[in-house]
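Participant: Counting along the sequence shown from 1, when you hit position 146 you're at 148 in the numbering used here, and nothing is skipped either side.
From the three backbone atoms N, C-alpha and C, an ideal C-beta is built for every residue, glycine too.
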Amino acid sequence: MKNLPVTPLPTVKLDKQQETLLEHNRLLGTLLGETIFTYAGLHIFKVTESLREASISYYKTNKQESRKDLSLFCSELGDSEILRVIRGFTYFSVLANIAEDVYQVYQHRSMKFSNKTEMGTLEKSLENLKKKGISIEKILEAMKKVSVVPVLTAHPTQVQRKSILDLMRKITDTLSKYENVQIHQIDESEWIDELNSKIKILWQTSMLRTSQLRVTDEISNALSYYNITFFNEIPELTNKFQEISEKLGENKFEAEKLIPLTMGMWIGGDRDGNPYVTVDTLETSAQAQALTLFQFYLDEIESIYRDLSMSNTMTEVSKDLEKLSEASGKVSPHRVNEPYRRALTAINDRLLATAYKLCENKEVLPPKRKDSLDIPYSSPEEFTKDLEIVANSLIENNSEALVKGKLRNLISGTKIFGFHLATIDLRQDSSIHELCVAELLKSANIMEDYLSLPENARCEMLLRELEHDPRILSDPTISQSELLKGELAIFRKVKSLRDRFDSRIIEKHLISHATSVSDMLEIAILLKEANLAKGDKNSFCDIQIVPLFETVEDLEASSEILEKWFSLPLVQKWMEKSGRKQEVMLGYSDSNKDGGYLSSSWSLYKAQKKLTALGNKFDVQISFFHGRGGTVGRGGGPSYEAILAQPEGGADGTIRLTEQGEVIGAKYGNPDLGFKNLEALVSAALESGALTVEDAKWDEYEKIIEEISESSYKVYRELVYNTEGFTDFFFEITPINAIAGLNIGSRPSSRKKKQSLESLRAIPWVFSWSQSRIMLPGWYGLGASFTEWINKNPDNLSILQKMYREWPFFRSVISNADMVLSKSDLRIASEYVKLAQNQEVAQKIFSEIVKEWELTLDVLKKITGNDVLLADNPELASSLRNRLAYFDSMNYLQIELLKRLREGDESEDLRKALHISINGLATGLRNSG
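(1) By Cβ distance, which residues of its chain are closer than 6 Å to Arg2, with the 5 residues on each side in sequence left out?
(2) Would you grab the beta carbon distance between Arg775 and Ala831 for me? Rounded to a whole angstrom, and I think it's under 8 Å.
(3) Give the DSSP-derived three-state secondary structure of Gly663 in the structure shown.
(4) In the structure shown, what three-state DSSP assignment does Val366 receive?
(5) With H, G and I counted as helix, E and B as strand and the rest as coil, what does DSSP make of Val8?
(6) With respect to the alpha helix (DSSP H) encompassing Leu44, which residues constitute its N-terminal and C-terminal limits?
(7) Of the residues Asp351, Asn229, Phe733, Pro779, which one's Cα is nearest the Cα of Ser758?
(8) Closest to Lys863 by CA distance: which of Thr789, Ile236, Asp351, Thr32 is it?
(9) Would you check if there are 3 or more beta carbon pairs closer than 8 Å linking the segment 31-39 to the segment 840-857?
(10) Where do the ends of the alpha helix (DSSP H) carrying Leu871 lie?
(11) Looking at Ala764: is its Cβ nearer than 8 Å to the Cβ of Lys595?
(12) Can you name, in chain order, every residue of its own chain whose Cβ lies under 6 Å from the Cβ of Glu643, other than the five neighbours on each side?
(13) Mind pulling the alpha helix (DSSP H) runs of 4 or more residues that sit fully within the segment 351-438?
(14) What is the DSSP secondary structure of Thr176, reduced to helix, strand or coil?
(15) Is Glu689 closer than 8 Å to Ser127 when the C-beta atoms are compared?
(16) Leu154 and Ile269 look like a contact to me (Cβ under 8 Å); what is the Cβ gap, rounded to whole Å?
(17) By how many angstroms is the C-alpha of Pro779 removed from the C-alpha of Val634?
(18) Based on DSSP bridge pairs, tell me the residues matched to Ser149.
(19) Would you list the one or two residues that DSSP bridges to Glu340?
(20) Cβ of Val586 within 8 Å of Cβ of Phe620?
(21) When burial is assigned at 16 or more other CB atoms within 10 Å of the CB, is Tyr894 buried or exposed?
(22) Which residues share a DSSP beta bridge with Pro549?
(23) Have a look at the DSSP bridge pairing and note the partners of Ser625.
(24) Tell me Phe542's beta-bridge partners as DSSP assigns them.
(25) Gly667 and Thr614: beta carbons closer than 8 Å?
(26) Quick check: the segment 190-210 against the segment 227-245, are there 3 or more CB pairs under 8 Å?
(27) If you follow the alpha helix (DSSP H) that Thr729 is in, where does it begin and where does it stop?
(28) Suppose you measure from the CA of Glu324 to the CA of Asn339; what does that come to, to the nearest Å?
(29) May I ask which residues mark the beginning and end of the alpha helix (DSSP H) holding Tyr299?
(30) So if DSSP puts Gly266 in a beta bridge, which residue, or which two residues, is it bridged to?
(31) Could you compute how far the alpha carbon of Ile624 sits from the alpha carbon of Gln584?
(32) Classify Gly589: buried if its beta carbon has 16 or more other beta carbons within 10 angstroms, exposed otherwise.
(33) Return the residue from the list Val717, Thr656, Arg902, Ala838 that minimises the CA-CA distance to Thr82.
(34) Is it buried or exposed for Gly655, if we count other Cβ within 10 angstroms and need 16 for buried?
(35) Any chance the segment 820-830 sits against the segment 876-889, with 3 or more Cβ pairs inside 8 Å?
(36) Quick check on this structure: which residue in Ser580, Phe75, Ser603 has the alpha carbon closest to the alpha carbon of Ser591?
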């Protein structure tokens, strides 16, 4: 196709900090270039530079000839040459990301020390609420309800090896020392040498895993972020939250109860579509968490012990502290007059005894003290109480300053992390539960063919088993399928873990593809088998049953399903014992793949509104678990804006959301950025929780979006599901089949082996479109549907512009689409389209995509009033401009590799190069899927 449109990006005005960012990019690029020359040779260095210069030339001149040069260069390279060149471009992207992260930290710090309040901070949120007329009393009430849980997940999007991630952190730490170079505390040449050595190590480290990533690797990767960020930054944020509450008038005792943020974990408990998650990985996950936590606690106690060297000849202590110090028993003669150290010895002894009791891998724990009392703590609260004795004694004796920092953070940490660290969620597909229950009922001679029953009959039978029959269905003397054995073992393990660690270790079980009440009752039957639920006069359900509504159809049916659920007398009994709370998980990925970006966003919004109203009707507090990925096509985009875009009155300050893949590293791989991102979540939860339904009415706007969304759904479905040849088009013009073979996650990319859109997971669906720079799941359907509505009435455009200014939901939809479109490039996409076998069909489909892209761009310009994309996001615009030359080159290299693969080239170098290209593009785009 000729005359394809160009993605319009703004020119970026450089300030002093951005000049520094460019300097760092140039320095890192120069050092990497020298490294390539040293280890790959002059030829590869020259080829890399030629490709980069051709790409830069394109952005300077906007002439397609430059890209023809790119394509020609790539076709002339051998497989082994492409392998080395593409490694170079991938590392250029890695280093550009590092420079940007350091730049963001500088910006955040300078803002922090200025008089300005930054968006996404607690201070700014309080300011926003006061401007809206929200009273102090209402804000304080909202603060009590704030409960944010980022849930770390591992899906096939985390493309970096842990060894590479570790090296990236070391380079980040070194680059961060530039401030010290500027004030001559560090010699600049030594600083550059240190960067140079780490980049050389990076080049010589394998990018690719030689084997499939295991669940245990994913657990280890996720837990590494605790020592980097979570252990320190979450308590810091908690303390800040409590201090603000006190300043607003809350009494100290109540303020210290506020825990606005805790952590969640899916890895080890998420069995949906992952055959490698078993009862053993669940135990491994719990054990790894506990070990990581106890090692942190013990290190902190040791550090505080070294600090608090005060002698009782120089200061007084409280009676409680004195008593605690006596519990240390026999200590070194040098410590006899050091009551704080003796008290901390007693705490350390009990903590270590607790670790020995709960952790199986005792070899990595320090040895117990010879004269210790060896009495484990019976609960985390006991541990907290002992630490508070130390803190209170210091406060009573004029040493409050010594409580701030490590001791206060540790006290907050014990309340946040307990002895379990993060709550592990269980998840399984409803079809698996269905099969297990059918087998149990058949083996117990209750029902020969449960699966043949209609929904009402299923519910009647399951309720009868729960309410009137206390016996369990499983019989050890009757053989069971491996599927049933595995599922029952999981639930028995849950019971064991809760008894050992405490109930917070596992609190919820999620049901994928929940479409009926029987799906939820089937879980209850399995819980009953492990004494985790009962339905007789002593009814209880220790694990909350959480439906996951994924497709547009499921979201629309969600309120009807839950109304039936809440109407069950048994469920009402369970609710009374669990605080009348119900979580609902909303699936962004599948609803997007099912109905397109706008339809998905609107279906999620409507579902939340309906479910919130349903909760009010039944006096149940409904909270939402947002299954958001890193990309807009999977519910991503800025978390702060996304939370505020939810319907007012829906969040009530309680929100859980998935953090996954490369997004975890981008948000939490640096402690300063980690704090900023965590604070943004808490701030948004506070703002949204303080705004009730009465504070905003969007009825007219909602009617408009309902109409446009229906149109968008039809446009999207027509292309993706009703266009002949579209499935082949997708599989041929994206690297989806190569992605399926890449060792980037423990979970298979498809639920079934056949090549179909229906069986394909939503994650690789989005991932593939981003690689080919079409980004279709994040915008397709917007242009035609909005244009149709605008053309109905001359006033309609001004109405949409008003909606964009006033309604957070609509603003979020438009700004996210703007961001996605900015990363698309139809000229590069057209080169991928040439890979299709049937060019007549492919070009016809692509022409429809181009037409919709142009309409979408036109609509975005009209609604926002901007002539370019990212006009309101100069940081991202600058980021893209800094890296376009790198990942454009990678696109052309990837296209050449895909051509050769399909022509029968199966060399090892080609396979590696193709996988590294996928890795590199995901790194450059910073949101793979």
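Facilitator: Taking the coordinates as given:
(1) The structure shown does not extend to residue 2, since the chain is modelled only from 3 through 931, so no value can be given for it.
(2) 5 Å
(3) coil
(4) helix
(5) coil
(6) 44-63
(7) Phe733
(8) Thr789
(9) no
(10) First-last for Leu871: undefined, no H or E at that position.
(11) yes
(12) Ser814
(13) 382-398, 408-419
(14) helix
(15) yes
(16) 7 Å
(17) In this prediction, Val634 scores a pLDDT of 39, lower than 50, which makes its location untrustworthy; no coordinate-derived value is stated.
(18) Thr656
(19) For Glu340, which the question treats as bridged, DSSP gives no partner whatsoever.
(20) no
(21) buried
(22) Ile513
(23) Glu585
(24) Lys536
(25) no
(26) no
(27) 728-735
(28) 11 Å
(29) 281-309
(30) Val153, Thr425
(31) 5 Å
(32) buried
(33) The residue asked about is misnamed: residue 82 is Ser in this sequence, not Thr. Of the candidates Val717, Thr656, Arg902, Ala838, the one whose C-alpha sits nearest the C-alpha of Ser82 is Arg902.
(34) buried
(35) yes
(36) Ser603
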